[in-house]
Each structure stands twice: as C-alpha cells, then as structure tokens.
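Okay, structure first, notes after.
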Amino acid sequence: MTKKERFQFVIDWFEKHAPNAETELMYDNPYQLLVAVILSAQCTDKRVNMTTPAIFEKYPDIPALSKATFDDLFPLIRSISYPNNKTKHLIGMANMVMEDFNGEIPETVPELVKLPGVGRKTANVITSVVHQQPNMAVDTHVFRVAARIGLTTNAKTPLQTELQLIKMIPEEKIYIAHHWLILHGRYICVARSPKCGECGLRPACKYYQQLIKAY
Ligand code: SF4
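Here full-length UniProt numbering is used: the first residue of the sequence shown is 1, the next is one more, and so on.
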C-alpha cells in the first residue's frame with residue numbers, strides 16, 4: 001500500500017465511522033475553549049470538564065478573568081495538574097488579550113502563541129475547532145497513532161508529525177482529522193496495548209501488518 005493509499009483508506013474509514021468527531025472538552029464559546037485547552041495540558045479532558053464550570057461561573061469572560069487574583073483562582077484549579085502555572089497562565093492570558101488584542105481572543109496561530117500558556121498545539125486546537133482552519137494539533141495520541149498506522153515516517157517531534165500530516169490530508173479535512181486521531185488514540189489505539197482486534201484500520205496499519213508478519 002502506498003502512503004497515498006494508506007491516507008485515503010484512513011480518511012475514508014473515519015469519514016464513515018466518525019463523521020462528527022469533535023473535542024470532548026465542554027465549552028460554549030472561544031473564551032471557554034481557550035481556558036479549557038490551557039487547563040488540559042498534561043491532564044485528562046474529563047478532569048478539566050469537572051473543573052471548568054466553577055471557573056466559568058465565577059469568571060464568565062476575558063474581562064472578568066483578567067481581574068482575578070492568584071489566590072481567588074487557584075482554589076478552582078487546585079485539583080488538576082500544574083495548578084500554580086496554570087493559574088498564572090490563565091490570568092496572564094486574559095490580561096494580554098485585554099491589553100494587546102482589545103479584549104478579543106485572537107484568531108491566528110502566530111497571535112495566539114504569544115499568549116501565556118498557549119503553545120503551538122493549543123493554538124492549533126483553537127483555530128481548528130473554532131474557525132475550522134486547516135491546522136493540525138499534535139498531542140501524544142496523534143503523534144503515536146499517526147506513527148503506528150504509518151501516516152508519518154520517522155517523525156521525531158510533534159512539529160514533524162504535524163507537517164507530514166497536513167501535507168497529505170486534504171485541507172478541508174484537517175480540522176476533523178485531528179479529532180479522529182486523538183479519539184482513536186484515546187479509546188482504541190491506546191498507548192500500552194492497542195486494541196487491534198477492535199480496529200477497522202488494520203488493513204492500512206503498518207504496526208498491525210508487522211505484528212501479524214511476526215507470527
Ligand atoms: S490496528 Fe492496532 S496499531 Fe493499528 S491503528 Fe488500529 S489499534 Fe492502532
């Protein structure tokens with residue numbers, strides 16, 4: 001199977017079986033998504049979703065969050081990973097949005113990555129989920145699944161994975177392909193023991209083909 005055929009098989013399979021894949025973070029607007037994605041670094045979406053309702057109730061928008069103090073916000077974030085840094089990042093992010101972006105959350109990756117707590121992955125998530133821009137956020141699941149299937153070759157960094165994926169996936173499908181790969185990695189192609197027996201991607205998967213060759 002050529003790489004092009006492999007991509008086509010994977011895209012066709014996901015389009016058929018996961019046509020509405022989307023983020024599992026709960027949010028109602030770009031502000032809430034940005035807060036949730038910042039909090040989700042090294043943390044499960046499930047735990048973030050348990051944390052954010054209280055934050056959004058107390059700080060319903062960027063102006064409110066920009067006025068938060070560390071001591072007020074920290075207790076709401078305490079139960080998730082890296083609460084110190086995330087508290088500082090959220091307050092810093094809201095202040096920068098107020099001062100440098102007129103209170104409006106920026107809509108491009110180069111602008112978003114200027115915000116505290118926002119790296120390339122977060123910026124790609126925001127721009128692809130909110131604006132359907134053709135940006136591929138690469139987290140540990142996307143990195144692993146893409147390599148196992150053989151969508152990427154010798155990618156050593158998330159950026160290499162991102163560039164190899166966006167080169168091959170049609171532009172209008174990139175924003176949803178991110179969710180396909182993340183959810184597949186979360187529930188089927190899990191890190192320790194991928195559930196190949198349940199996986200419809202076996203005919204196109206390099207890892208699986210090598211596995212059966214070894215027997
Ligand atoms: S066949 Fe196995 S290794 Fe390949 S994508 Fe499916 S679960 Fe992952």
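Quick reminder that beta carbons are idealized off the backbone N, C-alpha and C, glycines included.
Just to check, is the beta-carbon of residue i closer than 6 angstroms to a non-hydrogen atom of ligand 1?
i: Cys43; result: no
Compare the Cα-Cα distances from residue i to each of the options and report the closest residue.
i: Pro194; options: Asp139, Trp180, His178 and Leu211; result: Leu211
i: Gln32; options: Gln160, Ala64, Ile11 and Val10; result: Ala64
i: Lys67; options: Met93, Ser79 and Lys156; result: Met93
i: Asp28; options: Glu5, Ser81 and Asp61; result: Asp61
i: His179; options: Thr108, Ile126 and Arg202; result: Ile126
i: Cys199; options: Ala155, Ile149, Lys4 and Gln164; result: Ile149
i: Asn20; options: Lys173, Pro203, Ile55 and Ala146; result: Lys173
i: Val10; options: Ala214, Ala147 and Ala155; result: Ala147
i: Arg120; options: Pro75, Ile91 and Ala41; result: Ala41
i: Glu15; options: Ala123, Tyr175 and Val145; result: Tyr175
i: His131; options: Pro75, Ala155, Pro106 and Pro116; result: Pro106
i: Val118; options: Leu90, Asp45, Glu99 and Arg78; result: Leu90
i: Ala36; options: His17, Gln8, Thr87 and Gly197; result: Thr87
i: His17; options: His184, Leu159, Gly197 and Thr153; result: His184
With DSSP run on the structure shown, which of helix, strand or coil describes residue i?
i: Pro194; result: coil
i: Leu34; result: helix
i: Tyr207; result: helix
i: Ala21; result: coil
i: Asp12; result: helix
Any heavy atom of ligand 2 closer than 6 angstroms to the beta-carbon of residue i?
i: Phe143; result: By its list of ligands, the structure shown excludes ligand 2, since it contains just ligand 1.
Quiz item: Which whole runs of the alpha helix (DSSP H) in the UniProt domain "HhH-GPD" (39-187) are 4 residues long or more, in chain order?
Solution: 45-58, 62-66, 70-77, 83-100, 109-112, 120-131, 140-149, 158-168 and 174-187
Quiz item: Can you list, in chain order, every residue whose CB sits closer than 7 angstroms to a heavy atom of ligand 1?
Solution: Val145, Arg148, Ile149, His184, Ile188, Cys189, Pro194, Lys195, Cys196, Cys199, Leu201, Arg202, Cys205, Tyr207 and Tyr208
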